[in-house]
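Take a look at the structure set out below.
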Amino acid sequence: MSENEKRGPRIPDGNPARSSRVSGEQAKRETDQKASHGKHTAAVAIDVLLLGWMFAKSIFSKAPAGNGISAPPLNVPRPAAPDRRAVPVRDGTPDIVVGPIPAAVLIAPPPRIPEKTGRSADRNLEPESGSRRRWGTGFVLCAFALGIAAGVGFLFSYWSGANTLLLGGTLSVFLGAFGVALVLYSHLLMPHTEATAPREQLPSSTGQRDAALDDYCAGVRGVQRRSLLKWGGAAGTGLLASIVISLMRSLGMSPYPALFTTVWKRGERLMTSGGQPISVDSLEHGSTITVFPESSVGSERAQTVLIRVKEQLLQLSSDRAGWAPMGYVAYSRVCTHAGCPVALFEADTNQLLCPCHQSTFDVLSGARPTGGPAARPLPQLPLYMDSDGILRAAGGFTAPPGPGFSGM
Amino acid sequence: MIEEIGRWLDARLHTAKFFRRALNHVFPDHWSFMLGEIALYSFVILVITGTYLALFFKASSDQVIYHGTYHALSGVRMSEAYRSVLDLSFDVPAGLLVRQMHHWTSLIFVGAIVAHAARIFFTSAYRRPREMNWLIGLTLLVLALVNGFLGYSILDDVLSGTGLRIGYAIMLSIPVIGPWVTFLFLGGNVPVATTIPRFYSLHIFLIPALIAALLALHLGIVWRQLHTNYPGPRRTNASIVGSRLWPSYAAKSIGLLLFLFAVVAMLGGLVQIDPVWIYGPYNPDAVITGAQPDWYLGWVEGAMRLFPGVNLRVGEILVIPAVFFPAVLLPLLLFGTLYAFPFLDKPFPSDEKAHNVLRLPYEQPLHTAFGCAVLMFLLVLFFAGGDDVIAVATGTSVVQIRTILRVLVFGAPAATAALVYLLCIGARRRHAVPRPSPDESEAA
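Those sequence lines, one after another, are chains D and E. In terms of our numbering, the first sequence is residues 6 to 413. In terms of our numbering, the second sequence is residues 4 to 447.
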């Protein structure tokens, strides 16, 4: 403070003098305005435009000070108006320094930073001016009226059929109008001065810190048989952790062997989702159908894509010869990448495509991946045709179906 | 009235001093400080609308046959969860409105958190003494992402079923412990009856409770440390400049809450979102083309599409499936970097000063270029998440689009970084007169 006082006299335009001069001018302007009330329609129109512009600006572009805007300030910044809250209230000194800014910090800012702070409404329009109050009141009244109308509209539409469009629209206008009213209130009809408050200095003083640590250490030193407490605590914590982990075991079954198995086994008939078995002439060449094991129609993991291709096109490895009777070839329908159903079949290229991440698999050569992020072929289901001409599985899948996991 | 209540409370809790401090609490006047407020108010709206929805939702995958108002699905087998969503949408007055508001708000919630975090990042607001709040904020973002996924997974339509399958594959891909984690979390191989009730209790109780607790801590710390200030006159490390809470800032803030609520109500009432009755109930063999996650998971989806099929094997044994790299490792790296950032970005070896005045992006060109590059990387991945949609829209093949995106995913961030760096250098040169340091201008 003493430094501030020392610097005080060097400021050419002292705070108190300026503020009194400005408020004098302001009072004069206000009386002028009252005298000519109602005569200046042009002035009123400009007021409206100014207010609308200010409102839009205050919502969308509150420029920070020193953000590089080099336009000169629109108005000479006025010193903060005297603030009643700065006066000590009831007891003692104020615990936050607010209100008039000490003269010393009003020194001209560094050259690159325009003095453009606070809200545009406060820079451009006298807070106490009659027009501000008049138009503020008008806008707020309109907003409230709109809000009330919309609120009534919501109630009406709710009690008469509750159309979602009407409900949403009226609720939105109701809430929005009240929101706008509050923002307008804040900008036009509420007091506002830029406040400066001191920050708490970090960290605490060495003395305070040492005192806290001393108290802690003194407490620890007073405890007898400390090692017993340590070991007891460790044992208890360890046991508690074991109990919690054990309880977690109840949350799920073991992934082994569940991840490796499906219900497919030798002899299971292939069934459509409608429960129809597949016979020799169920499919044309180049067509496909989703099948399930007879004992578990609708199973996610056992779902299988059955495709009929021309037998001479197939290029299955020699150990898979005979797995595709009459050109019927079957693969797991669960993508080996991320587990989506491989639902699309392109007959021209004999490719299966997964719609989730666009992995492609070549049907003719054991569904090896030909594009996209999948790295493993779709597991194949060996097939045979029984004496009645019905397709049956000759065993399980060649690998666990679905996305990959460690230890597979 | 207020005076009486105040006197009553003060006689019991000694509140007068706190009350006065609260009324005079100073908030900086800058629009970018509203982003966090929007996230906060989104959470409020999510809790309000979510509570309403919870009164109607049945978290059960028991199978039922639908005979309700929506005739197109009459006689279709579906889970009780899905049926309760249909009933809520078609039969409960204003049910669809609240459901759509909830979903829209969740998108805004994550968006506001991301924008808020970006503002913090680009102005280096995470510096000492605010490192803790950066960590808490990032954790809130993670929780918001997880809760969003859980939320749209429990509706049990085809789209959420697809998301659930992918989530299952991601969890399963974690090396060594993946299968155990997956089975303990979901209760078995998808689809399993335990999943929806578990996701539901996580979605409506555990994670919101965590968010609420961390949010309280987050705000408490902001309240204690005060906000940062953009550089400007009188804004120093030792003082804060702005508006007092009472009354104009409070009115403006409540106005913002109402305005956000209004936007959400407009979207919820007029713009359809997640029309589960069009997708149809979850069905093991059903999947839809053009399936997209909610926007905030688009980057993970895109990474999964672009990453080549590389399995890590030891001999014949698969150790790390391809999904792990884009869907687990990449997010871990991203969030790991973000979590570590305040501790990397500081003078070596230690930073003993409190930084209360923000840096502007152009004042730290490398930092800004890095941030923009990361955002561009995520943006390319986001578009990659819709590569099939782009292919259909532009009439090209997915393979072509994927090739282009695989180049762009590295090229675009590099170009962005270079461009932003040059722009920052230019801006810094234009503002050649150096600003006094926050501590100097205090002394001036």
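Even for Gly, the Cβ is constructed at its ideal location relative to N, Cα and C. These numbers were taken from a predicted model, which means no experiment stands behind them.
Short Cβ contact (7 Å threshold) for residue i with residue j
{"i": "E:TYR285", "j": "E:ASP159", "result": "yes"}
{"i": "D:LEU275", "j": "D:LEU396", "result": "yes"}
{"i": "E:ALA387", "j": "E:VAL423", "result": "no"}
{"i": "E:PRO364", "j": "E:PHE125", "result": "yes"}
{"i": "E:GLN403", "j": "E:GLY271", "result": "no"}
{"i": "D:THR341", "j": "D:ALA398", "result": "no"}
{"i": "E:HIS119", "j": "E:ALA42", "result": "yes"}
{"i": "E:ALA115", "j": "E:LEU220", "result": "no"}
{"i": "E:LEU361", "j": "E:THR231", "result": "yes"}
{"i": "E:TYR129", "j": "E:PRO345", "result": "yes"}
{"i": "D:ALA155", "j": "D:ALA186", "result": "no"}
{"i": "D:CYS345", "j": "E:THR165", "result": "yes"}
{"i": "E:PRO96", "j": "D:ALA167", "result": "yes"}
{"i": "E:ASP390", "j": "E:ARG405", "result": "yes"}
Own chain, CB closer than 6 Å to residue i, minus 5 neighbours either side, in chain order
{"i": "E:LEU384", "result": "TRP302, GLY305, ALA306"}
{"i": "D:ALA352", "result": "GLY291"}
{"i": "E:SER3", "result": "Look at the range of chain E in this structure, 4 to 447, and you will see that residue 3 of chain E is not part of it."}
{"i": "D:PRO384", "result": "SER337, PHE402, THR403, ALA404, PRO406"}
{"i": "E:GLY339", "result": "none"}
{"i": "D:LYS11", "result": "Note that D:LYS11 scores a pLDDT of 38, beneath 50, so its modelled location is shaky; the value from the coordinates is reported in the next line. Hits under 6 Å: none found."}
{"i": "D:PHE410", "result": "none"}
Option nearest residue i by Cα separation, candidates the options
{"i": "D:ALA200", "options": "E:ARG10, E:MET135, E:VAL193, E:VAL244", "result": "E:VAL244"}
{"i": "E:MET379", "options": "E:ILE393, E:VAL195, E:GLN367, E:LEU411", "result": "E:LEU411"}
{"i": "D:GLY141", "options": "D:MET195, D:GLY174, D:SER162, D:ALA182", "result": "D:MET195"}
{"i": "E:VAL161", "options": "E:TYR129, E:VAL317, E:TYR85, E:ILE5", "result": "E:TYR85"}
{"i": "E:ILE51", "options": "E:ALA268, E:LEU187, E:GLU6, E:TYR129", "result": "E:ALA268"}
{"i": "E:VAL193", "options": "D:GLN206, D:LEU264, D:GLY272", "result": "D:LEU264"}
{"i": "E:ALA330", "options": "E:ILE428, E:ILE173, E:GLU355", "result": "E:ILE173"}
{"i": "E:ASP90", "options": "E:ALA289, E:LEU26, E:PRO278, E:ILE291", "result": "E:PRO278"}
{"i": "E:ALA25", "options": "E:GLY223, E:GLU366, E:ALA75", "result": "E:GLY223"}
{"i": "E:SER127", "options": "E:ASP348, E:LEU382, E:VAL377", "result": "E:ASP348"}
{"i": "E:ALA253", "options": "E:ARG10, E:ALA19, E:PHE30, E:ARG15", "result": "E:PHE30"}
{"i": "E:VAL322", "options": "E:SER440, E:GLY181, E:ARG432", "result": "E:GLY181"}
{"i": "D:GLY400", "options": "D:LEU319, D:ASP286, D:PRO374, D:ALA307", "result": "D:ALA307"}
{"i": "E:VAL67", "options": "E:HIS370, E:PRO441, E:SER82", "result": "E:SER82"}
Neighbour list for residue i in chain D, Cβ cutoff strictly below 7 Å
{"i": "E:THR292", "result": "PRO360"}
{"i": "E:PHE310", "result": "PRO378"}
{"i": "E:ASN359", "result": "ARG204"}
{"i": "E:ILE257", "result": "LEU187"}
Sequence-distant residues of the same chain with beta carbon closer than 7 Å to residue i, five excluded per side
{"i": "E:VAL113", "result": "ALA147, LEU148, GLY151, TYR299"}
{"i": "D:SER278", "result": "THR295, PHE297, VAL302, GLY303"}
{"i": "D:ARG230", "result": "none"}
{"i": "E:TYR342", "result": "LEU138, LEU141"}
{"i": "D:TYR190", "result": "VAL145"}
Chain-ordered chain E contacts of residue i [CB-CB under 8 Å]
{"i": "D:PRO260", "result": "PRO182, TRP183, THR185, PHE186"}
Same chain, Cβ closer than 8 Å to residue i, five either side skipped, listed in chain order
{"i": "E:LEU217", "result": "ILE139, THR142, LEU143, LEU146"}
{"i": "D:ASP37", "result": "The pLDDT assigned to D:ASP37 is 43, lower than 50, so where the model puts this residue is not dependable, and the model offers no usable value."}
Under 9 Å from the C-beta of residue i: neighbouring residues of chain E
{"i": "D:CYS345", "result": "THR165, ARG168, ILE169, ALA172, VAL290, ALA294"}
{"i": "D:SER177", "result": "PHE264, ALA265, VAL266, VAL267, ALA268, MET269, LEU270, GLY271, GLY272, LEU273"}
Under 9 Å from the C-beta of residue i: neighbouring residues of chain D
{"i": "E:PHE21", "result": "Within chain D, no residue comes near E:PHE21; the closest Cβ sits about 10 Å away, beyond 9 Å."}
{"i": "E:PRO194", "result": "GLU305"}
{"i": "E:ARG362", "result": "Residues of chain D passing the Cβ test: none, with the nearest at roughly 12 Å."}
{"i": "E:ASN136", "result": "Simply none; closest approach about 14 Å."}
{"i": "E:ILE320", "result": "SER411, GLY412, MET413"}
8 Å Cβ cut-off: residues of chain D touching residue i
{"i": "E:ASP390", "result": "GLN363"}
{"i": "E:GLY245", "result": "GLU199, ALA200"}
{"i": "E:ALA241", "result": "PRO203, ARG204, GLN206"}
Test: residue i CB closer than 7 Å to a CB of chain B
{"i": "E:LEU273", "result": "The structure shown has no chain B; the protein chains it does contain are D and E."}
Paired residues, beta bridge with residue i - DSSP
{"i": "E:ASN232", "result": "E:VAL360"}
{"i": "E:THR239", "result": "E:SER242"}
{"i": "D:ASP357", "result": "A small fix is needed here, since residue 357 of chain D is Leu in this sequence, not Asp. D:PHE350, D:PHE366, per the DSSP bridge assignment."}
{"i": "D:GLY377", "result": "None; D:GLY377 has no bridge partner."}
{"i": "D:ILE312", "result": "D:THR293, D:VAL334"}
{"i": "E:ILE157", "result": "DSSP lists no partner for E:ILE157."}
{"i": "D:MET276", "result": "D:PRO282, D:PHE297"}
{"i": "D:GLN385", "result": "D:TYR336"}
{"i": "D:PHE149", "result": "According to DSSP, D:PHE149 bridges with nothing at all."}
Proximal residues of chain E, C-beta to C-beta of residue i below 7 Å
{"i": "D:GLN356", "result": "Within chain E, no residue comes near D:GLN356; the closest Cβ sits about 12 Å away, beyond 7 Å."}
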